[in-house]
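In this note's numbering, the protein residues as written are 1 to 217.
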């Protein structure tokens with residue numbers, strides 16, 4: 001095996017590992033808005049060179065989680081509520097477009113998978129961050145069924161920002177776990193009816209209601 005190819009593959013792997021770790025730290029608010037991310041410290045802590053760290057930061061900058069300031073370094077981006085409103089709006093447009101593809105082909109097995117996720121909401125720990133994870137599992141499953149790669153890719157980036165916002169506000173969000181369960185149970189029941197327009201309306205109301213409940217404007 002070519003040693004150059006091995007080295008290249010290893011750098012890509014390290015970059016992805018570092019990017020995932022930093023992404024989760026930003027989402028969980030371990031790395032806070034405005035905080036500087038020091039390449040040398042991350043490289044030292046992981047026993048690696050700065051190259052994969054720098055590449056990881058570039059990737060996170062493309063996702064809007066990191067901003068590089070010339071001569072100063074990389075910083076975690078601030079949370080912008082105006083932008084978040086548009087993130088939710090864009091997510092709504094993607095999901096309702098996906099429903100046009102998914103609903104006519106929905107099978108009992110598909111709805112069974114959604115019911116399984118909903119049951120986890122009901123029986124899981126009464127913690128909103130945990131419940132929000134189930135929420136994202138539910139919606140990402142529907143996005144995956146569309147088999148439209150651009151929807152999956154963009155939705156993943158939007159999802160990252162939404163999860164970050166939830167973690168940033170927690171525990172001030174006043175949505176009870178049993179309500180999360182109820183909302184999603186109703187969504188599955190609407191999907192089972194096979195009515196595309198009714199499904200789109202239900203999903204639009206469900207997603208955008210979060211903006212109203214958390215006063216995103």
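In this text, a Cβ means the ideal position worked out from N, Cα and C, and glycines have one as well.
Identified DSSP bridge partners for residue i
i	result
residue 68	74
Under the three-state DSSP convention, the category residue i falls into
i	result
residue 37	strand
residue 177	helix
residue 212	helix
residue 132	helix
residue 20	helix
residue 195	coil
residue 32	coil
residue 226	Residue 226 lies beyond the residue range present for the chain, which begins at 1 and ends at 217; the question has no answer from this structure.
residue 3	With a pLDDT of 48 at residue 3, under the threshold of 50, the predicted position of this residue should be treated as unreliable, and no value is reported.
residue 13	helix
Boundaries (first-last residue) of the alpha helix (DSSP H) holding residue i
i	result
residue 159	149 to 169
residue 92	81 to 102
residue 117	108 to 123
residue 52	50 to 62
Is the stretch 129 to 146 touching the stretch 154 to 169, taking contact as three or more C-beta pairs under 8 Å? Because the criterion of three Cβ pairs below 8 Å is met, the stretch 129 to 146 and the stretch 154 to 169 touch.
Would the stretch 147 to 159 and the stretch 45 to 59 be scored as touching if the rule is three or more Cβ pairs under 8 Å? In this structure the stretch 147 to 159 does not touch the stretch 45 to 59; the number of beta carbon pairs closer than 8 Å is below three.
For the pair the stretch 74 to 87 and the stretch 175 to 183, tell me if three or more CB-CB distances fall below 8 Å. For the pair of segments examined, the stretch 74 to 87 was found not to touch the stretch 175 to 183: the number of CB pairs separated by less than 8 Å stays below three.
How do the stretch 60 to 68 and the stretch 194 to 206 stand: do at least 3 beta-carbon pairs fall below 8 Å, yes or no? Output reads no: the stretch 194 to 206 does not touch the stretch 60 to 68.
Is it the case that the stretch 13 to 21 contacts the stretch 40 to 53, given that we only count it when at least three CB pairs across the two stretches are under 8 Å? Three or more beta-carbon pairs drawn from the stretch 40 to 53 and the stretch 13 to 21 are found closer than 8 Å, and the two stretches are therefore classed as touching.
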